[in-house]
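First up is the structure itself, then whatever we jot down about it.
Protein chains in written order, with my numbering: chain A, 1 to 380; chain B, 1001 to 1380.
Shown next as structure tokens:
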């Protein structure tokens, strides 16, 4: 198995509603990443997307984007795991290069949520026969988890405020982030309930985005880029599909398993990780992930935010460029944005958001109500 | 890169409408394959499916099927390339094992087309903005190709009869095939037009099916199975997305490229191939594939059927268990059925359909109107 490095990144600014078509978005991100890598050809394109079937009425997206980007004759496929589809496609591009089947692979995520109402299509990440039929949505399932968590540990619903606060503070200086205006703790605490106890400002936004990255064997990386980033581990795990089938729904076992496998493969300890781009689609997920990965005891994930440990200068910086909450969460593209941001951080190109001494980072992406969790560890 | 072998297969009978749910179908095929392989665990499940988003309103299918099959904690993802989704998932499972990331991987295809009307969802394999908007469907695009072919070479529309005839003859003795009743040449030639010049009996049927296979490193294969089958090459290629953008739409360039790459990787010649499970969703596709892969000159693919060379005792047997036409074409499952049938042929377990001296076989799956073509070469 060959070591694999990222040698090019490309992304569009996250927007509420772009004027570009889905295929144009994908093609531009792909072209930008290829240009950044100074690559003169590509062997394979893997695309992450969740909602085009419904919102654009389009399947066969990887071949379509390859064509739009002018990439002729190449391999092109979509890889999916619901809301973790971007990370799934990143992992497949990684396997293509690691196996020796591709010398230059592109992983691209793209989602245009501004066409139509994405919520019903998003709910298909849940068990349609046994959850959606009963009225569940991804939002209501996260609200269930948050309620359970608050009740179990006797907490008020504003204890998670610090997660959104950190995200919005960090995104102010990020050119590609959706939100750049300051958001106060008071605004978060008093924002309207979306699905109690989840408030509007505990939620990531509906938005459009596309991002891509180029991978090559590490042995060839310097020929493409002066600052390659190595993928030290890639790992995926699943939990019982339905939240209700889990012994303890507030324990994200797939996050625990996926991170543990990744740490072992990368041969690193969780204390060595300098920043963690996690899946803060809802603040409760960020909190539970921090517990599952081991940065806090059960019931104490929220204290990391409260104590200021998740900020750029803290012990475990998260959402360093705004995260899903404030950079935005264009579903299938999100994990590729996360990876691009980690590349910027690890190569000292994160500007005002630079995390000091960032040489090792982790990203984790969640499919459905934490059914699928995909972890990548990257380093320089 | 490790060599990879198939050590277990499992499949349901193809039916017009099964009583099983989609998840049950997938889980049963997966369990049957695991049992066939005598495997006591699985690391990863890759699922091929095209239509569940629309027909079952369900995404996140790999994790759902893993849960239903009782596979806990494992990696699970969907891989897609429109109508070639089964082959795409086969390729990804292959990469997972070849790279060393998985020791035991399952590729499963599943499609339940009997719930709802699949045609509109199938058309999403085409360019929705520039083809579907103008009224094109996968069927009409294949009709366009057939018309172009017949006109260019001055042929009547019954010259393709031999393809359906061979498929239906072969399926009569196949337990898992959809059609087992004899079909005459006259019935094919006089069947009603679906989309002229395509007649009903030039088309594969709408049906339900699920199939799975287990892959391990070749070095471990004998510990699982007395008759492993080696994957000698896996290859994917794309053409210009729209048929109209191609220089010569009757030349399937992605089939040409994908087969060429596979032959080089497997280090075999096309003459060595003992059977070819191709993508006869429509007879014209079978004809054009035979030309693109090099078994006939341009404009002469149909003569292979006419001269009886595609039958089990011929020079290049195709659809040896009925193919898409008569075994059935449950989209996302089809390429896995093809692979399972090749395993049966290469291990001398094809019963009355056994191709003599079958030691090397090829399968090719097509996404959309020959936009994506995925080839696998297998041998014993």
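From the three backbone atoms N, C-alpha and C, an ideal C-beta is built for every residue, glycine too. Note that the structure is predicted; figures quoted are calculated from it, not measured.
Evaluate the contact criterion for the region 326–342 of chain A versus the region 95–113 of chain A: three or more CB pairs, one atom per stretch, below 8 Å.
-> yes
Which whole-angstrom value describes the C-beta separation of residue 259(A) and residue 375(A), a residue pair presumed to lie in contact below a C-beta threshold of 8 Å?
-> Residue numbering aside, residue 259(A) sits at position 259 when the first chain is read from its first letter. Residue numbering aside, residue 375(A) sits at position 375 when the first chain is read from its first letter. The beta-carbon distance between residue 259(A) and residue 375(A), rounded to whole angstroms, is 5 Å. This is short enough to meet the 8 Å contact definition.
Under 8 Å between beta-carbons, which chain B residues line up against residue 210(A)? List them in chain order, please.
-> The residue labelled residue 210(A) in the question sits at position 210 within the first chain. Going along chain B, no residue has its Cβ under 8 Å from residue 210(A), so there is no contact; the nearest lies around 17 Å.
Quick one: which residues of the region 1040–1067 of chain B get their C-beta closer than 8 Å to a C-beta of chain A? List them in chain order.
-> 1044, 1050, 1053, 1054, 1056, 1057, 1058, 1059, 1060, 1062, 1063, 1064, 1066, 1067
Reduced DSSP secondary structure (H/G/I, E/B, other) of residue 218(A) | Within the first chain, residue 218(A) is the residue found at index 218, counting from 1. Note: residue 218(A) maps to helix in three-state DSSP.
is_contact[residue 117(A), chain B] using C-beta, thresh 8 Å | As a working mapping, residue 117(A) is identified with position 117 in the first chain. Taking Cβ atoms only, chain B never reaches closer than 8 Å to residue 117(A), which makes this a no.
Rounded C-alpha distance that separates residue 1021(B) from residue 241(A) = Counting from 1 along the second chain, the entry for residue 1021(B) is found at position 21. Counting from 1 along the first chain, the entry for residue 241(A) is found at position 241. Going by the C-alpha atoms only, they are around 16 Å apart.
Spatial distance of residue 356(A) from residue 380(A) (CA atoms) = On the first chain, residue 356(A) is found 356 positions in, with the first residue counted as 1. On the first chain, residue 380(A) is found 380 positions in, with the first residue counted as 1. Rounded to the nearest angstrom, the two C-alpha atoms are 14 Å apart.
Just how far apart, CA to CA, sit residue 47(A) and residue 1059(B)?
-> Along the first chain, one-based indexing puts residue 47(A) at 47. Along the second chain, one-based indexing puts residue 1059(B) at 59. Whole-angstrom Cα-Cα distance: 16 Å.
Write down every uninterrupted run of the beta strand (DSSP E) in the region 86–128 of chain A whose length is 3 residues or greater and which is fully enclosed by it, in chain order.
-> 105–112
Where does residue 1313(B) land, buried or exposed, given buried means 16+ other C-beta within 10 angstroms?
-> Sequence index remark: in the second chain, residue 1313(B) carries index 313 (1-based). So residue 1313(B) ends up on the exposed side.
Hey, is residue 1151(B)'s beta-carbon within less than 8 Å of any beta-carbon in chain A?
-> Stepping through the second chain from its first residue, residue 1151(B) is reached at position 151. Chain A, which has no Cβ nearer than 8 Å to the Cβ of residue 1151(B), makes this no.
Would a C-beta distance cut-off of 8 Å place residue 174(A) and residue 6(A) closer than the cut-off?
-> As a first step, residue 174(A) is located in the first chain; it is residue number 174 there, counting from the start. As a first step, residue 6(A) is located in the first chain; it is residue number 6 there, counting from the start. The answer is no: Cβ separation not under 8 Å.
Residue of 1198(B), 1247(B), 1169(B), 1210(B) minimising C-alpha distance to residue 1352(B) = Here residue 1352(B) refers to the residue found at position 352 when the second chain is read from its first residue. For the residues 1198(B), 1247(B), 1169(B), 1210(B), the minimum Cα distance to residue 1352(B) belongs to 1169(B).
Just list the beta strand (DSSP E) runs in the region 1225–1272 of chain B, keeping only unbroken ones of 3 residues or longer that don't cross its boundaries, in chain order.
-> 1229–1238
Quick one: is residue 78(A) near chain B, going by C-beta distance under 8 Å?
-> On the first chain, position 78 is the one that residue 78(A) refers to. Closer than 8 Å to some Cβ of chain B, the Cβ of residue 78(A) qualifies, so yes.
Under 9 Å from the C-beta of residue 100(A): neighbouring residues of chain B | The residue given as residue 100(A) occupies position 100 in the first chain. Under the 9 Å cutoff, chain B gives 1001, 1098, 1099.
Candidates 70(A), 19(A), 57(A): which alpha carbon is nearest residue 42(A)'s?
-> Start at 1 with the first residue of the first chain, and residue 42(A) comes out as number 42. Per the Cα distances, 70(A).
As assigned by DSSP and simplified to three states, the class of residue 43(A) | Sequence index remark: in the first chain, residue 43(A) carries index 43 (1-based). In this structure, residue 43(A) counts as coil in the three-state DSSP scheme.
Taking Cβ positions only, does residue 113(A) come closer than 8 Å to chain B?
-> On the first chain, residue 113(A) is found 113 positions in, with the first residue counted as 1. Output row for residue 113(A): interface = no.
Going along the chain, which residues of its own chain have a beta-carbon closer than 7 Å to the beta-carbon of residue 1074(B), five neighbours each way excluded?
-> The residue labelled residue 1074(B) in the question sits at position 74 within the second chain. Once the five neighbours on either side are set aside, the close Cβ partners of residue 1074(B) are 1042, 1043, 1044, 1045, 1066.
Can residue 1360(B) and residue 1317(B) be called in contact, C-beta distance under 8 Å?
-> Reading the second chain from its first residue, position 360 is the one you call residue 1360(B). Reading the second chain from its first residue, position 317 is the one you call residue 1317(B). Not closer than 8 Å, so no.
Have a look at residue 222(A) and residue 339(A) and give me their C-alpha separation to the nearest angstrom.
-> The residue given as residue 222(A) occupies position 222 in the first chain. The residue given as residue 339(A) occupies position 339 in the first chain. Approximately 19 Å between the Cα atoms of the pair.
Within 8 Å, strictly: CB atoms of residue 364(A) and residue 279(A) = Indexing the first chain from 1 puts residue 364(A) at position 364. Indexing the first chain from 1 puts residue 279(A) at position 279. Their beta carbons are under 8 Å apart, which means residue 364(A) touches residue 279(A) by this criterion.
Per DSSP, the bridge partner or partners of residue 367(A) | Counting from one through the first chain, the residue named residue 367(A) turns up at place 367. Paired residue(s): 372(A).
Anticipated Cβ contact below 8 Å, residue 68(A) with residue 27(A), distance rounded | The sequence position of residue 68(A) within the first chain is 68, counting from 1. The sequence position of residue 27(A) within the first chain is 27, counting from 1. Contact between residue 68(A) and residue 27(A) holds: CB atoms are separated by about 4 Å, below the 8 Å threshold.
Answer with yes or no whether the minimum CB distance from residue 396(A) to chain B is below 8 Å.
-> Not covered by the structure: residue 396(A). The range shown for chain A is 1 to 380.
So what's residue 67(A) in DSSP terms, helix, strand or just coil?
-> Here residue 67(A) refers to the residue found at position 67 when the first chain is read from its first residue. Three-state DSSP puts residue 67(A) in a helix.
Alpha helix (DSSP H) runs contained entirely in the region 270–329 of chain A, provided each spans 4 or more residues = As far as the region 270–329 of chain A is concerned, its whole alpha helix (DSSP H) runs of at least 4 residues are 283–293, 301–306, 323–326.
Which chain A residues sit within Cβ distance under 8 Å of residue 1236(B)?
-> What you label residue 1236(B) is simply residue 236 of the second chain in a count that begins at 1. By Cβ distance, chain A contributes 44, 75, 76, 77.
How would you call residue 267(A), buried or exposed, if buried means at least 16 neighbouring beta carbons within 10 angstroms?
-> By one-based count along the first chain, residue 267(A) stands at place 267. When all chains shown are included, residue 267(A) counts as exposed.
When the cut-off is 8 Å and only beta carbons count, does residue 1241(B) lie next to chain A?
-> Position 241 of the second chain, counting from 1, holds the residue named residue 1241(B). Interface residue, yes.
Presumed contact (8 Å Cβ cut-off) between residue 1206(B) and residue 1200(B), rounded CB distance | Here residue 1206(B) refers to the residue found at position 206 of the second chain. Here residue 1200(B) refers to the residue found at position 200 of the second chain. Between residue 1200(B) and residue 1206(B) the Cβ distance is about 12 Å, and since that is not below 8 Å, they are no contact.
How about residue 178(A) and residue 327(A): are their beta carbons less than 8 Å apart?
-> The residue you call residue 178(A) lines up with position 178 of the first chain. The residue you call residue 327(A) lines up with position 327 of the first chain. Closer than 8 Å, so yes.
What is the rounded straight-line gap between the Cα of residue 16(A) and the Cα of residue 219(A)?
-> Residue 16(A) sits at position 16 when you count from the first residue of the first chain. Residue 219(A) sits at position 219 when you count from the first residue of the first chain. Roughly 40 Å separates the two Cα atoms.
Chain B contact for residue 257(A) (CB, 8 Å cutoff) = Sequence index remark: in the first chain, residue 257(A) carries index 257 (1-based). True, the Cβ-Cβ gap to chain B drops below 8 Å.
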